[in-house]
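Data first, discussion second: the structure below is written as structure tokens.
2 protein chains.
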Amino acid sequence: MFDPAQLAALSAVLRAGSFERAAQMLHVTQSAISQRLRQLEEQVGTSLVIRSQPCRATEAGERLFRHAEEVRLLEQGVRRDLGLKTQTAGDADGWPTLRLAVNADSLATWFVAAMQDIEGVLFDLVIDDQDHSADWLKRGEVRAAISGSAKPVQGCDCRPLGTLRYLATASPRFMAQWFEADGVTAASLGRAPVITFNAKDRLQARWAEEALGITATGPSHWLPSSHAFVDAAIAGLGWGMNPEPLAGEALADGRLREVVPGKPLDVPLYWHVSRSVAGAMKPVTDAVIRASARVLRPIP
Amino acid sequence: MFDPAQLAALSAVLRAGSFERAAQMLHVTQSAISQRLRQLEEQVGTSLVIRSQPCRATEAGERLFRHAEEVRLLEQGVRRDLGLKTQTAGDADGWPTLRLAVNADSLATWFVAAMQDIEGVLFDLVIDDQDHSADWLKRGEVRAAISGSAKPVQGCDCRPLGTLRYLATASPRFMAQWFEADGVTAASLGRAPVITFNAKDRLQARWAEEALGITATGPSHWLPSSHAFVDAAIAGLGWGMNPEPLAGEALADGRLREVVPGKPLDVPLYWHVSRSVAGAMKPVTDAVIRASARVLRPIP
Numbered sequence: 001m002f003d004p005a006q007l008a009a010l011s012a013v014l015r016a017g018s019f020e021r022a023a024q025m026l027h028v029t030q031s032a033i034s035q036r037l038r039q040l041e042e043q044v045g046t047s048l049v050i051r052s053q054p055c056r057a058t059e060a061g062e063r064l065f066r067h068a069e070e071v072r073l074l075e076q077g078v079r080r081d082l083g084l085k086t087q088t089a090g091d092a093d094g095w096p097t098l099r100l101a102v103n104a105d106s107l108a109t110w111f112v113a114a115m116q117d118i119e120g121v122l123f124d125l126v127i128d129d130q131d132h133s134a135d136w137l138k139r140g141e142v143r144a145a146i147s148g149s150a151k152p153v154q155g156c157d158c159r160p161l162g163t164l165r166y167l168a169t170a171s172p173r174f175m176a177q178w179f180e181a182d183g184v185t186a187a188s189l190g191r192a193p194v195i196t197f198n199a200k201d202r203l204q205a206r207w208a209e210e211a212l213g214i215t216a217t218g219p220s221h222w223l224p225s226s227h228a229f230v231d232a233a234i235a236g237l238g239w240g241m242n243p244e245p246l247a248g249e250a251l252a253d254g255r256l257r258e259v260v261p262g263k264p265l266d267v268p269l270y271w272h273v274s275r276s277v278a279g280a281m282k283p284v285t286d287a288v289i290r291a292s293a294r295v296l297r298p299i300p
Numbered sequence: 001m002f003d004p005a006q007l008a009a010l011s012a013v014l015r016a017g018s019f020e021r022a023a024q025m026l027h028v029t030q031s032a033i034s035q036r037l038r039q040l041e042e043q044v045g046t047s048l049v050i051r052s053q054p055c056r057a058t059e060a061g062e063r064l065f066r067h068a069e070e071v072r073l074l075e076q077g078v079r080r081d082l083g084l085k086t087q088t089a090g091d092a093d094g095w096p097t098l099r100l101a102v103n104a105d106s107l108a109t110w111f112v113a114a115m116q117d118i119e120g121v122l123f124d125l126v127i128d129d130q131d132h133s134a135d136w137l138k139r140g141e142v143r144a145a146i147s148g149s150a151k152p153v154q155g156c157d158c159r160p161l162g163t164l165r166y167l168a169t170a171s172p173r174f175m176a177q178w179f180e181a182d183g184v185t186a187a188s189l190g191r192a193p194v195i196t197f198n199a200k201d202r203l204q205a206r207w208a209e210e211a212l213g214i215t216a217t218g219p220s221h222w223l224p225s226s227h228a229f230v231d232a233a234i235a236g237l238g239w240g241m242n243p244e245p246l247a248g249e250a251l252a253d254g255r256l257r258e259v260v261p262g263k264p265l266d267v268p269l270y271w272h273v274s275r276s277v278a279g280a281m282k283p284v285t286d287a288v289i290r291a292s293a294r295v296l297r298p299i300p
């Protein structure tokens with residue numbers, strides 16, 4: 001088996017991006033880090049880290065990094081099963097780090113509550129669109145993902161979590177300026193500025209098409225932040241699809257209005273988890289299901 | 001001069017990521033988009049768009065894309081100077097799109113107010129760490145950036161905006177669990193879980209070093225979202241440097257405490273703007289200065 005201290009050195013360099021910070025993380029000298037990494041590279045027979053600013057993994061380094069994470073996670077499962085005390089001390093090797101892909105709106109609405117519910121794990125979150133988060137799992141870069149797709153990823157289990165309700169929202173002034181004269185028509189919707197999260201975000205276009213049968217939306221702002229997205233809608237910069245739990249307060253106090261009342265867009269979310277660590281991940285899966293159930297609606 | 005309709009087709013394809021959606025954005029047929037792009041490519045004598053999923057720019061395409069954006073921005077300046085009505089109609093070519101690099105914490109605290117203050121512009125925001133946002137400007141990928149560095153970027157003007165105050169914060173329960181026994185010492189801080197935005201984020205380490213003279217922080221969660229960062233601190237997952245305007249409410253009602261009271265970290269922020277469009281950008285610069293002054297503290 002690979003030497004745990006050497007694997008820890010590799011993980012720390014790749015997480016921290018430099019030998020100096022890795023040494024600080026592990027409370028050892030920089031030369032101890034260099035030496036452990038060199039020994040690991042000699043054993044594997046190939047370079048593991050590209051010594052750039054910041055340091056990056058080679059393909060082999062990335063594979064070993066994931067391996068180290070999986071072993072720590074499995075070990076925590078063993079400790080739990082054997083009734084051993086899980087490590088609470090703060091040395092970086094004590095708690096496994098769990099790399100997950102989460103869509104931004106889940107993180108902004110319910111995912112922190114799930115994290116709060118899981119003991120003895122460090123989270124390393126990758127944020128991506130719900131239509132693309134499963135790609136991280138396919139590439140083997142994360143252990144689990146929250147995705148809008150029910151399509152199973154090879155080697156992974158998939159279970160439904162619920163739907164996140166989105167509402168097309170805008171400020172009252174924006175509504176008056178762009179939609180008062182003619183209502184929400186293909187023409188007015190083609191003129192009114194829209195807010196889009198990023199090039200992957202199809203929610204605005206989907207809503208226009210599914211709710212109104214309109215295929216073209218207007219010129220777009222690009223704003224890759226869930227909270228800023230709500231703030232920008234309140235500020236009157238454009239209309240956009242906001243998650244109900246985030247927009248609810250502003251809708252209740254009148255800072256936001258629904259562009260067309262009674263036309264929500266429900267986006268189902270699924271939890272995909274790598275089968276190789278599904279056992280060790282059980283407490284995480286349970287926490288995710290509990291926290292999501294408090295905010296998401298049942299999938300019809 | 002390049003044909004505006006052809007440049008608009010290029011911009012739309014690169015923004016929307018596909019010919020189909022570009023056609024929807026510009027309210028023309030997909031074959032019109034193809035034709036305009038092909039004509040532009042023939043004129044330039046090289047390929048501008050890589051026909052992938054999503055479509056990406058070649059080096060020449062990226063250069064022309066930036067050119068189109070600059071011309072629209074300059075034209076808006078001319079319209080203002082000549083007292084012409086700036087375009088309000090919603091065709092995608094009517095409003096210039098302004099690509100800016102903004103640090104996440106500015107976007108979460110004051111930048112939306114600046115955006116609200118600027119008329120007739122579409123924003124395309126790139127979010128990056130305040131220590132790296134200026135790199136986007138150096139690479140010519142944005143027209144302006146909010147950066148933590150006062151170092152002028154070649155061809156750009158730089159002006160100070162103020163400092164964003166960060167406080168080392170954690171939940172009362174977290175404080176009791178990790179710091180009650182021994183206080184905040186090198187040993188306890190080396191054990192206590194910390195929250196880090198991403199590998200570029202040095203704020204936690206800087207604070208430990210500058211405020212306490214401690215060079216090593218504990219094992220880290222990685223959480224690249226300003227609001228989730230505050231939420232995770234409130235949830236007791238770790239301690240982290242939160243902007244005072246975001247953490248203020250939770251500090252006031254007791255959900256958060258300062259790890260060491262009276263030890264803030266003030267991070268200066270600067271507005272860097274490309275000189276080639278500085279004139280056209282004047283209203284944007286003015287709005288950024290006004291909005292930042294309401295939240296940031298004066299730079300000492």
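Residue numbers (full-length UniProt numbering), protein chains in the order written: chain D, 1 to 300; chain C, 1 to 300. Glycine included, each C-beta is placed from N, C-alpha and C at the ideal position.
Is the beta carbon of residue j closer than 9 angstroms to that of residue i?
i: residue 244 of chain C; j: residue 167 of chain C; result: yes
i: residue 133 of chain C; j: residue 101 of chain C; result: yes
i: residue 158 of chain C; j: residue 239 of chain C; result: no
i: residue 242 of chain D; j: residue 169 of chain D; result: yes
i: residue 51 of chain C; j: residue 171 of chain C; result: no
i: residue 227 of chain D; j: residue 226 of chain C; result: yes
i: residue 131 of chain D; j: residue 149 of chain D; result: yes
i: residue 204 of chain D; j: residue 215 of chain D; result: no
i: residue 143 of chain C; j: residue 73 of chain C; result: yes
i: residue 82 of chain D; j: residue 221 of chain C; result: no
i: residue 33 of chain D; j: residue 60 of chain D; result: no
i: residue 260 of chain C; j: residue 181 of chain C; result: no
i: residue 15 of chain D; j: residue 208 of chain C; result: no
i: residue 68 of chain D; j: residue 7 of chain D; result: yes
i: residue 254 of chain D; j: residue 116 of chain C; result: no
i: residue 179 of chain C; j: residue 233 of chain C; result: no
i: residue 163 of chain D; j: residue 294 of chain D; result: no
i: residue 120 of chain C; j: residue 96 of chain C; result: yes
i: residue 146 of chain D; j: residue 123 of chain D; result: no
i: residue 41 of chain D; j: residue 28 of chain D; result: no
i: residue 18 of chain D; j: residue 54 of chain D; result: yes
i: residue 3 of chain C; j: residue 36 of chain C; result: yes
i: residue 224 of chain C; j: residue 299 of chain D; result: no
Per DSSP, what are the beta-bridge partners of residue i in this structure?
i: residue 239 of chain D; result: D:194
i: residue 97 of chain D; result: D:122
i: residue 272 of chain D; result: D:145, D:158
i: residue 220 of chain D; result: D:194
i: residue 72 of chain C; result: For residue 72 of chain C, which the question treats as bridged, DSSP gives no partner whatsoever.
i: residue 56 of chain D; result: D:50
i: residue 297 of chain D; result: D:163
i: residue 41 of chain D; result: Paired residue(s): none; residue 41 of chain D is not in a bridge.
i: residue 265 of chain D; result: D:166
i: residue 258 of chain C; result: C:169
Am I right that residue i and residue j are in contact with their C-beta atoms under 8 angstroms? What's the rounded C-beta distance?
i: residue 65 of chain C; j: residue 26 of chain C; result: Going by Cβ atoms, the distance from residue 65 of chain C to residue 26 of chain C rounds to 15 angstroms, so no, they are not a contact pair.
i: residue 155 of chain C; j: residue 63 of chain C; result: Actually they do not touch by this definition, with Cβ atoms about 15 angstroms apart.
i: residue 165 of chain D; j: residue 266 of chain D; result: 5 angstroms
i: residue 283 of chain D; j: residue 118 of chain D; result: 6 angstroms
i: residue 230 of chain D; j: residue 252 of chain D; result: Going by Cβ atoms, the distance from residue 230 of chain D to residue 252 of chain D rounds to 13 angstroms, so no, they are not a contact pair.
i: residue 287 of chain D; j: residue 22 of chain D; result: Contact flag wrong, Cβ pair sits at about 30 angstroms.
- Task: Evaluate the contact criterion for the region 188-202 of chain C versus the region 273-283 of chain C: three or more CB pairs, one atom per stretch, below 8 angstroms.
- Result: Touching, no, given that fewer than three Cβ pairs across the two stretches are closer than 8 angstroms.
- Query: Curious, which full-length beta strand (DSSP E) runs of at least 3 residues does the region 102-173 of chain D contain?
  - Reply: Segments of the beta strand (DSSP E) lying fully in the region 102-173 of chain D: 122-127, 144-147, 156-170.
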